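Engineer:
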Amino acid sequence: MKVKSDDRTIIEVLRSYYLRIPRFQRPYEWEDVEIDEFWEDVTTADSDYFIGSMVLFQSTYGTQGVVDGQQRITTITALLCVLRDKFRSVGKDDQADGLQNLIERASELDNQKHFVLQHDRPSKYLRYVQAGQSGDEPAIDESERRLKKAVDRLRNKVDTLCAGIVDTQEVVGLLLKLRDSILELRLITVEVDNEEDATVIFQTLNSRGRDLETADLVKSHLFSILRATNPQNDVPREKWSGIQESFSISKADLPMDRFLLHSWLSRYEYLASADLGKTVRRTISRELAEGYLDQLVADSRFYREIHEPTFREAWQQEERPILDAFNALQIFRVRQPLPWLLSAWRAYGDKQINLKYARIAILAIERFHFIATAISSQPSSGGVSKMYAAHARQLSTANSNDARYKIVRDLHAKLSDDSRLPSLDQFSADFAELRYSRRYTQQQRLVLHILQRLYSYHSNIEPDFKLLTVEHIIPQASLTTPPSAVASIGNLILIPRELNEKLADKNFDEKRLILDDARKSGVYIDDSIISASSWGEAEIAKRSRDMAEEAFAAVWSLSTIPGL
């Protein structure tokens with residue numbers, strides 16, 4: 072790789088090149104904090120202030136592609152445009168025209184004027200600002216919103232700099248000083264021969280802009296080798312943007328970096344998140360790039376369905392256990408099994424495994440993490456993550472139904488191993504710590520989930536949980552029972568709202584009679600309440616143990632998954 076580096080001032084850069092921002096670069100992203108920091112540098116630093124580096128590659132004769140430094144050069148161009156307009160507003164057209172010659176100048180090739188800063192993705196707003204002409208601003212899209220905000224903020228800063236000064240010459244003096252400070256800013260230009268070499272440097276250099284994310288590295292690699300034949304029909308960019316748009320409007324939190332890692336782990340070798348960018352560049356060649364991008368598009372749909380089950384257009388009744396498992400896993404907030412879940416859900420969606428094995432593959436994860444993570448909070452380990460990724464990769468590459476079914480059963484067997492699960496005693500002790508009340512709010516979603524699952528387990532019909540609410544047998548207003556006991560899961564039942572209102576704050580004997588009548592009409596009320604002669608801390612603790620044992624041995628047992 073041939074690399075040439077030079078120390079240049081901004082005015083030298085603007086006079087030497089036309090600068091082109093490739094389409095694989097991010098849109099303008101600087102927010103107020105970066106603008107304010109840049110303004111502080113320009114207005115307070117000594118002359119020849121160093122602002123970082125700019126990585127360039129030969130695009131066409133006289134035009135350099137910008138791979139690193141586009142946020143800075145775009146901001147500098149915007150500030151020069153603002154300064155040009157300010158000179159013109161105080162009657163200094165010569166100074167304004169001088170700046171315009173650094174913003175737009177004639178090419179030696181065609182003697183036509185071209186903007187010095189150009190974008191592969193046309194920006195009507197940037198061209199409007201660069202042109203410096205009067206007239207209505209063009210409508211802006213989301214990618215231009217931050218740029219317009221930056222221009223407005225810079226314009227406000229220049230106006231504030233001159234505010235309160237009556238003498239025009241003094242204003243001009245301030246503007247000239249600001250102009251010179253901008254043009255004397257120094258940076259290192261790093262020039263390479265081609266875009267691919269520039270991409271390598273892009274992945275290792277980023278001095279002043281935002282920190283690069285894995286998504287930036289993957290996108291830059293794909294776009295550098297998947298060149299659009301028609302800029303107006305940029306299919307690779309449309310596919311990538313489609314994934315980002317889907318994730319941005321999702322009700323779930325779906326960071327692009329995390330998705331890219333989990334998608335990779337569901338198909339390829341295990342690696343850490345920090346290594347994904349360079350691994351994609353090393354592994355995904357020009358021949359593989361289109362297929363890899365198509366994989367990401369397909370995976371993004373399955374990934375969103377896992378995190379946001381309502382995104383799926385329709386769920387069949389027999390698929391309901393999987394829907395419930397996905398919803399439960401969102402409550403548990405576990406990420407380790409996501410490569411496996413993605414691989415299994417994709418295999419089911421692609422008709423590579425049937426519903427029976429999809430249920431086993433997914434319910435095993437939900438039940439294991441309910442017991443080991445949601446209740447007992449067992450520490451996670453890299454071994455579990457690698458186990459999930461290994462099985463995900465095996466499932467993705469298996470070439471027969473028998474092989475895929477064997478992989479599903481093998482993972483189920485490993486999760487069912489007693490050494491990976493807490494003992495019943497430990498689980499029961501942890502289960503007894505669950506609380507739900509106005510005072511204890513942190514575990515409310517988990518406790519409600521448990522009560523609903525236990526209710527469904529004992530119900531002959533699918534309950535409508537929107538019509539049910541949590542009842543504290545000893546009421547929350549009790550002055551004689553400790554709040555922790557009142558909030559304990561052993562003191563909670565799920566009942567219809569009208570029954571809850573009927574119970575109000577009645578004493579236990581009255582509640583028991585009402586609940587017994589409700590049970591006879593089909594409401595699930597467990598025997599431990601109906602058969603109790605009194606209700607206090609001892610009864611609450613015993614019921615909690617009974618609920619824990621049923622949860623551990625039956626409702627969430629890995630051995631009771633249908634189809635085993």
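The working numbering puts the first residue of the sequence shown at 72, with every later residue one more than the last. Cβ coordinates follow ideal geometry from the N, Cα and C atoms, glycine included. Model, not experiment: these values are computed from the prediction.
1) Nearest CA to the CA of R404: which residue from I377, I393, R510 and L232?
2) Tell me, please, which residues DSSP counts as bridged to G169.
3) Tell me the DSSP secondary structure of E262 in three-state form.
4) If we count the other Cβ atoms within 10 Å of its Cβ and call it buried at 16 or more, is P553 buried or exposed?
5) Helix or strand or just coil, what does DSSP make of I566?
6) On the three-state DSSP scale, how would you describe G123?
7) Just the Cα atoms here: how many angstroms apart are D112 and T134?
8) Report yes or no: do the segment 218 to 230 and the segment 144 to 152 share at least 3 C-beta pairs separated by less than 8 Å?
9) Across which residues does DSSP place T285 in a beta bridge pair?
10) Counting C-beta neighbours from all protein chains within 10 Å, is the total for L412 16 or more, i.e. buried, or is it exposed?
11) For D78, I'd like the list of residues in its chain whose CB is within less than 7 Å of its CB, leaving aside the five on either flank, ordered along the chain.
12) Just to confirm, is the Cβ distance from Y526 to L563 under 8 Å?
13) Hey, A399 and E437: beta-carbon distance below 8 Å or not?
14) Should Q141 go down as buried or exposed, given a rule of 16 or more other Cβ atoms within 10 Å for buried?
15) Name the residue from N571, D103 and Q514 whose alpha carbon lies nearest to the alpha carbon of P546.
16) Apart from the five residues just before and just after V84, which ones in its own chain have a Cβ nearer than 7 Å to its Cβ?
17) G454: which of H462, S214 and Y511 sits nearest, CA to CA?
18) What does a CB cutoff of less than 7 Å around R357 pick up in its chain, not counting 5 residues either side in sequence?
19) I believe D264 touches Q129 by the beta-carbon criterion, under 8 Å. Please report the beta-carbon distance rounded to the nearest angstrom.
20) If you reduce the DSSP assignment to three classes, tell me which class K157 lands in.
21) Let me know if F498 comes out buried or exposed under the rule of 16 or more other beta-carbons within 10 Å of its beta-carbon.
22) Express the C-alpha separation of D489 and A589 in angstroms, rounding to a whole number.
23) What did DSSP end up calling I544 once you bin it into helix, strand or coil?
24) Report yes or no: do the segment 423 to 433 and the segment 469 to 486 share at least 3 C-beta pairs separated by less than 8 Å?
25) Does the beta-carbon distance from T631 to A622 come in below 8 Å?
26) Could you compute how far the alpha carbon of E509 sits from the alpha carbon of V541?
27) Taking the alpha-carbon positions, what's the L342 to L522 distance?
28) Indicate whether the contact test is met: 3 or more Cβ pairs, each with one atom in the segment 157 to 171 and one in the segment 227 to 243, closer than 8 Å.
29) How about the segment 343 to 357 and the segment 385 to 400: do they share at least three Cβ pairs that are nearer than 8 Å?
30) Can you look up R279 in the DSSP assignment and give me helix, strand or coil?
Structural biologist: So, to answer that:
1) I377
2) Per DSSP, none; premise fails for G169.
3) strand
4) exposed
5) strand
6) strand
7) 28 Å
8) yes
9) For T285, which the question treats as bridged, DSSP gives no partner whatsoever.
10) buried
11) R257 and I259
12) no
13) yes
14) buried
15) N571
16) T260
17) H462
18) I296
19) 6 Å
20) helix
21) buried
22) 40 Å
23) coil
24) yes
25) no
26) Sequence inspection shows Arg at residue 509; the Glu mentioned does not correspond to that position. Approximately 12 Å between the Cα atoms of the pair.
27) 39 Å
28) yes
29) no
30) Per-residue confidence for R279 stands at a pLDDT of 40, beneath the threshold of 50, marking its modelled position as unreliable; no derived number is given.
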